[in-house]
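Peer 1:
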Amino acid sequence: KQEVTQIPAALSVPEGENLVLNCSFTDSAIYNLQWFRQDPGKGLTSLLLIQSSQREQTSGRLNASLDKSSGRSTLYIAASQPGDSATYLCLSTTGRNYQLIWGAGTKLIIKP
Amino acid sequence: AAGVIQSPRHLIKEKRETATLKCYPIPRHDTVYWYQQGPGQDPQFLISFYEKMQSDKGSIPDRFSAQQFSDYHSELNMSSLELGDSALYFCASSLGQGRPEAFFGQGTRLTVV
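Each protein sequence line maps, in turn, to chains A and B.
Sequential numbering from 22 applies to the first sequence in this note's numbering.
Sequential numbering from 3 applies to the second sequence in this note's numbering.
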């Protein structure tokens, strides 16, 4: 059964730094992997989707990569801003029934 | 573009009452997923439907039931509510075949008092 892990659980960095969030999965037979952002008490905002045939996707200051062989996806945030502070979750779609498996998230704090 | 619609957005119920949450998937999407997210927790999978049939079941309590209707909208029925049921309930939809990108609704915040 697919397991998705996000380490670290929390991260605090000064504004302006580039940073990488990690998502690991055990079953490489995924259909896609999505990165979401969630502000406290709010809904899920989809950031990037990488299909299994793709290696990376970019949107503005965000870049997500996918390496199925190593079971890893990374979300790179360039020139971080306080407004980037949120919890970032990765979601894998896998299996015969297109199961959606969440990571536990990384809580990111960008200090002004 | 149309997104996943959940209603209501907020709901307050008393213990032992019943609640019904609704999810309207993106048009032509045939798969619906329900998730429960408690405070500070990651979303926990409850149940999913594909073409109006239950396709997968997670940690859904016996007090909860759900179904997907002929128009593909789904309802999550929650009975004998407990304080611990207070959470954000997300619905997601996808087109089950091909490239199943999941799209999430904004969630229903249920507060049980």
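Where is the CB? At the ideal position from N, CA and C, for every residue including glycine.
1. Three-state secondary structure (DSSP) at residue 35 of chain A?
2. Which residues mark the beginning and the end of the beta strand (DSSP E) in which residue 27 of chain A is found?
3. Going by Cα to Cα distance, which pick from A:90, A:100, A:92 is closest to residue 84 of chain A?
4. Taking the continuous beta strand (DSSP E) assigned at residue 6 of chain B, which residues delimit it?
5. Let me make sure I understand the geometry here. Which of B:15, B:27, B:19 has the alpha-carbon closest to that of residue 8 of chain B?
6. Tell me whether residue 64 of chain A is buried or exposed, calling it buried when 16 or more other Cβ atoms sit within 10 Å of its Cβ.
7. Measure from the alpha carbon of residue 27 of chain A to the alpha carbon of each residue in A:38, A:88, A:43, then state which is nearest.
8. Using 8 Å as the threshold, is the C-beta distance between residue 45 of chain B and residue 123 of chain A below it?
9. With C-beta atoms as the reference, is residue 39 of chain A less than 8 Å away from residue 131 of chain A?
10. When the Cα atoms are used, what is the spatial distance from residue 25 of chain A to residue 56 of chain A?
11. Closer than 8 Å, CB to CB, is residue 102 of chain A near chain B or not?
12. Run through chain A and tell me which residues come within less than 7 Å of residue 35 of chain B, C-beta to C-beta.
13. Among B:66, B:34, B:30, which one has its Cα closest to the Cα of residue 20 of chain B?
14. Let's see if you can read the secondary structure: which residues bound the beta strand (DSSP E) around residue 12 of chain B?
15. Mind listing which residues of the region 50-61 of chain A have their C-beta closer than 8 Å to chain B's C-betas, in chain order?
16. Pick helix, strand or coil for residue 100 of chain B, following the three-state DSSP scheme.
17. Let's see if you can read the secondary structure: which residues bound the beta strand (DSSP E) around residue 122 of chain A?
18. Return the chain-ordered list of same chain residues with a C-beta closer than 7 Å to the C-beta of residue 100 of chain B, the five sequence neighbours on each side being excluded.
19. State the CB to CB distance for the pair residue 128 of chain A and residue 108 of chain A, rounded to an integer number of angstroms; the pair is presumed to be in contact (CB under 8 Å).
Peer 2: Walking through what the data contain:
1. Here residue 35 of chain A sits in strand by DSSP.
2. No beta strand (DSSP E) contains residue 27 of chain A, which DSSP labels as neither H nor E.
3. Measuring from the Cα of residue 84 of chain A, the nearest candidate turns out to be A:100.
4. In the DSSP assignment, residue 6 of chain B falls outside any beta strand (DSSP E) and carries neither an H nor an E.
5. With distances taken between Cα atoms, residue 8 of chain B lies closest to B:27.
6. Buried is the label assigned to residue 64 of chain A, since at least 16 other Cβ atoms lie within 10 Å of its Cβ.
7. That would be A:43, whose Cα lies nearest to the Cα of residue 27 of chain A.
8. Less than 8 Å separates the beta-carbon of residue 45 of chain B from that of residue 123 of chain A.
9. Not a contact, by the Cβ cut-off of 8 Å.
10. Cα to Cα, residue 25 of chain A sits roughly 12 Å from residue 56 of chain A.
11. Taking CB atoms only, residue 102 of chain A has no neighbour in chain B less than 8 Å away.
12. Those are 121, listed as they occur along chain A.
13. Proximity to residue 20 of chain B across B:66, B:34, B:30 peaks at B:66, based on C-alpha coordinates.
14. Counting along the chain, the unbroken beta strand (DSSP E) around residue 12 of chain B starts and ends at 12-15.
15. Among the residues of the region 50-61 of chain A, those with a Cβ less than 8 Å away from any Cβ of chain B are 52, 53, 55, 57, in the order of the chain.
16. Residue placement at residue 100 of chain B is poorly supported in this model, since its pLDDT is 49, which falls under 50; the coordinates still yield a value, given next. Coil at residue 100 of chain B, not helix or strand.
17. Its beta strand (DSSP E) spans residues 120-123.
18. Since pLDDT at residue 100 of chain B reaches only 49, below the 50 mark, its modelled position is unreliable, and the value read off the structure follows with that caveat. Closer than 7 Å at Cβ, skipping near neighbours: no residue.
19. Indeed, because the Cβ distance is near 5 Å, the residues count as touching under 8 Å.
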